[in-house]
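Heads up: the sequence lines are chains A and B, in that order.
For the first sequence, this note's numbering assigns the number 16 to the initial residue and increments by one for each residue that follows.
For the second sequence, this note's numbering assigns the number 16 to the initial residue and increments by one for each residue that follows.
Note that CB positions come from ideal geometry on N, CA and C, so glycine has one too.
Below: one structure, written as structure tokens.
2 protein chains.
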Amino acid sequence: MASYAIGVDFGTGSGRAILVDVADGRQLATAVSEYSHGVIDEALPIDDGRVVLPPDWALQDPDDYLRVFRETIPEVLRQSGVEPADVIGLGIDFTACTMLPTTADGTPLSQDPELRANPHAWVKLWKHHAAQPEADRINAVAAATGQPWLDRYGGRISSEWFFSKALQILDEAPEIYAASDRLIEAADWVVWQLTGVETRNACTAGYKALWSKRDGFPDASYFGALDPRLASVVDAKMSRDIRFAGQRAGGLTEEAAAWTGLPAGTAVAVANVDAHVAVPAATVVEPGRMVMIMGTSTCHMVLSAEERSVPGMCGHVEDGIIPGYVGYEAGQSCVGDHFSWFVENAVPEAYQRQARERGVEIHAFLEEKAARLRVGESGLLALDWWNGNRSVLVDAALGGLLVGATLATVPEEIYRALIEATAYGTRVIIETFEANGVPIREIVACGGLADKSPLTLQIYADVTGRPFRLSASEQTPALGSAMFGAVAAGRAAGGFATIEEASAAMARLQDIVYEPIAANRATYDVLHREYVRLHDYFGRGENDVMKVLKGLRADARAVAGAQRVGA
Amino acid sequence: MASYAIGVDFGTGSGRAILVDVADGRQLATAVSEYSHGVIDEALPIDDGRVVLPPDWALQDPDDYLRVFRETIPEVLRQSGVEPADVIGLGIDFTACTMLPTTADGTPLSQDPELRANPHAWVKLWKHHAAQPEADRINAVAAATGQPWLDRYGGRISSEWFFSKALQILDEAPEIYAASDRLIEAADWVVWQLTGVETRNACTAGYKALWSKRDGFPDASYFGALDPRLASVVDAKMSRDIRFAGQRAGGLTEEAAAWTGLPAGTAVAVANVDAHVAVPAATVVEPGRMVMIMGTSTCHMVLSAEERSVPGMCGHVEDGIIPGYVGYEAGQSCVGDHFSWFVENAVPEAYQRQARERGVEIHAFLEEKAARLRVGESGLLALDWWNGNRSVLVDAALGGLLVGATLATVPEEIYRALIEATAYGTRVIIETFEANGVPIREIVACGGLADKSPLTLQIYADVTGRPFRLSASEQTPALGSAMFGAVAAGRAAGGFATIEEASAAMARLQDIVYEPIAANRATYDVLHREYVRLHDYFGRGENDVMKVLKGLRADARAVAGAQRVGA
């Protein structure tokens, strides 16, 4: 009898479910539910928008997440015609760190009429960037007190992470902090809503909340040094009972069964994170092969049998991706965003018109022209720091650079230089891993950018000197969640005992392999040396012009803002 | 009785005459004649275009120059209603070095049916850049033999200059070199055609042909070291009788009188160069005030009572601009061209559409947006080297650079950064002059860019800390030529004894003064320090990435070209 699993991938603007065959991973149906309130970054969606949000805020409405279950799971069942009883398990993945305060029974504080008008009662989305002062404090106190965990996160933690956001609630809305019985990742919260059981997953705990399998969370004394009221945060509002990917969080409640059309008791896996769950879905369950999830930004995931300290990464977590391995995450903060910026701000009218006349999407039009250039022909070199640099410099204050422009420079040359810059950035990451004992011999790419741009993959192969392969699924994270759902169901129920087994059965690569072309590699070696020289000159403190410029910009904007207020 | 003078300005694509009142410089009429063959850079305009030109060639047809006289002078007489007999003098200015080979009687070799199919028989326009190998040889031999004149030209002479072009004729077409009785600047050639007298002007001789009032031309032994056949070039094909600006070259011949409608014998001034003749027309006849002719590129002209060696300038010539002073010329090779490149290659469709909808020219549209930015607000800094750097680095192999871009960067911020980069480049020139004993306390700007862009002038004033004024004439070079025509006529004929007298009577400034704004200066001082640091890092050999990139580009293009040929 056939068995099926469902994976639900919660993105920034929508949630998507897929239903797959457990035997071979074949996707039978997919459905999407857009969040009705999307990203809330201007005003709360209540009281006629009277509660206006400051800059850098990004909230969501937890009701939108539950609607994803109610809309998409019945729909994939309907599309596929699969018997609900044949669905053996369900897994979810989520953006992270996306977190919210709730009552002891899991009710979001944003549903409390008394608290609802306070923005801190709502879900803080991963890209809520208003907790930078708190992140700065967390880093400063960690450095001053010699916290041993700081090294695991490349020496600096982000304003996006769990305790930055928690501390911002405490700083700015102590009444919300006091009213919250639980502070929880949205990933764990939706699993709680499905199963009635509060679990905490090792992936978000490890990558976003400073937890490790060996050492647990930072000490209460450290939290107390940040703010005495925060000393008890883990025991009072979180949990030290951390569960691992593929474990069964629980079974569907009667209520969740009614939402979804699945039988009560259907196995639900412990929550996971979108990038991390993509790894086994891209066939990677062992060291030596890096998964790159390429979208607006890129996440790099790689496994190692041993724990190594690799500078400038986003973090490494034992059992964080695949149980039994240390999972490393690195990041490039500006990839697809880079090309979108270019198309919006720097592509001339004639190109847009020609693309329209030929019925070609503008990125494809530029790629076609860029692909005709030989390696080195543009005469350009860029530093891909339009959105700062995450790995390996961990410095958001860096800015972009383009060198070599002439009066003969044309747009496709700049476009290609921007692609190449992201490839050099990837090579720096790979070489940093390898220099620190984490070998990478092949890359598996997935995500929208990987599927759309063969030129990008060939350039990446040529620049890094490594073959690039592609995940076969167009919904790699959702497939990964379905796979973990099948593991949570277990072998007896028609699923799998381990994620390795699930990956072997359900994950596929496309046939195409982008192999490095020797002649291109030689020229790219020359260009990469120049990139590294500029990277180190501008990125490691010898010339801080990028920071001087950002400082002047901030000053000018502050004056302009003050004048507007005074006007 | 009123007296009038005519100035004729020979540009790259056309010639323009103006007729002015000698009493006050008031312009009564103007007329333009487009060159029928324009810039000849693809094929000779004979034999159905069968004679194709190699890259970097730029020729002209001398017939087009004579047509300028025949078309424009009758037209300005007609427009103004001035009696031809009341025109006391005529002056001309020309692009330089623009040169041609002629017979002993001044007939261009391009008119010889036997030689006409050889491109070397034609006029080589200033921007003919195919003589780079010859320029390299001239520089190498000069350095090896310790030529004392090399310092006067910033240590390196250009492929655009007279002996580079003459040596190219000898190298590539020795039969044309042998057939040429005269090698002459087009400036001097048109005066010869008007007067029947061959003269040679100090301005082109000094700035383009290595001549100086004190030392004359380089020795025959030097020319012989370049090529034994070149040893006699000065005595055989040029002249050591050099005439100075404002001197009378001769009077109009009967034939030229018939062309122009002016009386035979009308005074014609010794020829001059467009940028140099603009100086007294911009009211500058003394040290301390620099004239900037701002167009696609910018020329900077300044006078000094004493000879100083200033590194990285285009040259300095005693009596080269105003008799009695050493005239210095510096250059920025990418100014208006910079902004044109940006508009053609990097302005998005939405901006073009908005500009059209508002009926505003796109440069004006961008300037309006850029003007709303505060100093420093763009967060960007550029090196204005899209076309290499003339002064003070004298290095055509440098390339452009933009640093500080973010995902929030918008087109007007880049546009403003490019303007600012040219201002920093100007400040480097000014500071180099001052550090070497040539003070500059005020700038007078003229040229198309100066007239069109108030934002540019305010930025230049703020960056350099000096007031910027504007020449009142929209045809400053043509006015300067008319002024020298009035000097050539002399006081007795209703003209002037000296160019200083002519300038006092005929040259005017606009009322507006762009004064430095103190608050802007302070921020620009910070930005200029960062510019200079990048300028020295990339421009003085510490990081040669720009040259590496140009080398790779040339290699890639050579392979691509070879493949096309083989295809």
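Worksheet item: Which residue spans inside the region 45–106 of chain A form an unbroken beta strand (DSSP E) run of at least 3?
Response: Counting whole runs of 3 or more residues, the region 45–106 of chain A contains no beta strand (DSSP E) stretch at all.
Worksheet entry | Beta-bridge pairing of B:D540 - partner residues as DSSP gives them | None; B:D540 has no bridge partner.
Practice prompt. Please report how far the alpha carbon of B:A136 lies from the alpha carbon of B:A411, in whole angstroms.
Written response: 28 Å
Item to complete: Write down every uninterrupted run of the alpha helix (DSSP H) in the region 369–415 of chain A whose length is 4 residues or greater and which is fully enclosed by it, in chain order.
Response: Taken in chain order, the unbroken stretches of alpha helix (DSSP H) that lie wholly in the region 369–415 of chain A and span 4 residues or more are 377–386.
Fill in: Through-space distance from A:L396 to A:D570, alpha-carbon basis
A:D570 and A:L396 have their C-alpha atoms spaced approximately 30 Å apart.
Practice prompt. With DSSP as the reference, label A:A582 as helix, strand or coil.
Written response: Model confidence at A:A582 stands at a pLDDT of 44, short of 50, so the residue's coordinates are unreliable and nothing is read from them.
Worksheet item: What three-state label does DSSP hand A:G483 in the structure shown?
Response: Checking the displayed sequence, the identity of residue 483 of chain A turns out to be Phe instead of Gly. The answer is strand: DSSP assigns A:F483 an E or B state.
Discussion item. Let's test the definition: count the other Cβ atoms within 10 Å of the Cβ of A:G581 and tell me whether it reaches 16, buried, or not, exposed.
Written reply: Caution is warranted here: a pLDDT of 47 is assigned to A:G581, below 50, making its placement in the model unreliable, and no coordinate value can be reported.
Worksheet item: So, are the CB atoms of B:A58 and B:V47 less than 9 Å apart?
Response: no
Worksheet item: So B:G439 and B:Y546 are in contact, right, with Cβ under 8 Å, and what is the actual spacing, rounded?
Response: Per the sequence shown, the amino acid found at residue 439 of chain B is Tyr instead of Gly. Yes, they are in contact, since the Cβ atoms of B:Y439 and B:Y546 sit about 4 Å apart, within 8 Å.
Worksheet item: DSSP on B:S324, reduced to helix/strand/coil?
Response: coil
Discussion item. Is it buried or exposed, B:V528, if we count other Cβ atoms within 10 angstroms and call 16 or more buried?
Written reply: exposed
Worksheet item: Which of helix, strand or coil does DSSP assign to B:A588?
Response: The structure shown does not extend to residue 588 of chain B, since chain B is modelled only from 16 through 582, so no value can be given for it.
Practice prompt. Mind listing the chain A neighbours of B:D551? Cutoff is C-beta to C-beta under 8 Å, in chain order.
Written response: In chain order: nothing, as chain A lies at least about 11 Å away.
Fill in: Residue from A:V358, A:S18, A:W207 with nearest C-alpha to B:T424
A:V358
Worksheet item: Taking Cβ positions only, does B:T313 come closer than 9 Å to chain A?
Response: no
Worksheet item: What do you get for A:Q94, buried or exposed, if any count of 16 or more other CB atoms within 10 angstroms of its CB means buried?
Response: exposed
Practice prompt. Below 8 Å on the Cβ atoms is my guess for B:R255 versus B:V249; work out the distance and round it to an integer in Å.
Written response: Sure, about 6 Å apart at Cβ, within 8 Å.
Discussion item. Is the separation between the beta-carbon of A:E428 and that of A:A385 shorter than 9 Å?
Written reply: yes
Discussion item. Out of B:M253, B:S179, B:M328, which one is the CA nearest neighbour of B:E449?
Written reply: B:M328
Discussion item. Under DSSP, the beta strand (DSSP E) around A:T117 begins and ends at which residues?
Written reply: If you look at A:T117, you'll find it in the beta strand (DSSP E) that goes 114–117.
Discussion item. When you compare the CB of A:H144 with every CB in chain B, is at least one pair closer than 9 Å?
Written reply: no
Practice prompt. Please classify A:L564: is it buried, with 16 or more other beta-carbons within 10 angstroms of its beta-carbon, or exposed?
Written response: So A:L564 ends up on the buried side.
Worksheet item: Can we say the region 348–358 of chain B touches the region 190–209 of chain B, given the rule of at least three CB pairs closer than 8 Å?
Response: no
Worksheet item: Among A:A420, A:L494, A:A460, A:G394, which one has its Cα closest to the Cα of B:R568?
Response: A:G394
Fill in: Cut-off 6 Å between Cβ atoms - residues of its own chain near A:D501, not counting five sequence neighbours on either side
The residue you asked about is not Asp; residue 501 of chain A is Ala in the sequence shown. Excluding sequence neighbours, A:A501 sits near A20, V37, G104, G510, F511, A517.
Worksheet item: Going by the CB atoms, is the gap between A:E515 and A:I337 shorter than 9 Å?
Response: Yes; because the gap between Cβ atoms is below 9 Å, this pair is in contact.
Fill in: A:K565 at chain B interface by Cβ criterion, 9 Å
yes
Worksheet item: Going along chain B in order, which residues have a C-beta closer than 7 Å to the C-beta of A:R572?
Response: E392
Discussion item. Taking 9 Å as the threshold (beta carbon to beta carbon), is A:Q367 in contact with chain B?
Written reply: yes
Discussion item. Just verifying my parser: in three-state terms, what is the DSSP assignment at B:N133?
Written reply: coil
Worksheet item: So, helix, strand or coil for A:Q262, using DSSP?
Response: coil
Worksheet item: With 9 Å set as the bound, which would you pick, yes or no: does the beta-carbon of B:V54 sit closer than that to a beta-carbon of chain A?
Response: Judged by the 9 Å Cβ criterion, B:V54 is not in contact with chain A.
Worksheet item: What residues from chain B crowd round A:D101, counting only those whose CB sits closer than 7 Å?
Response: Ordered by position in chain B, no residue passes the 7 Å Cβ test against A:D101, which lies about 46 Å from the chain.
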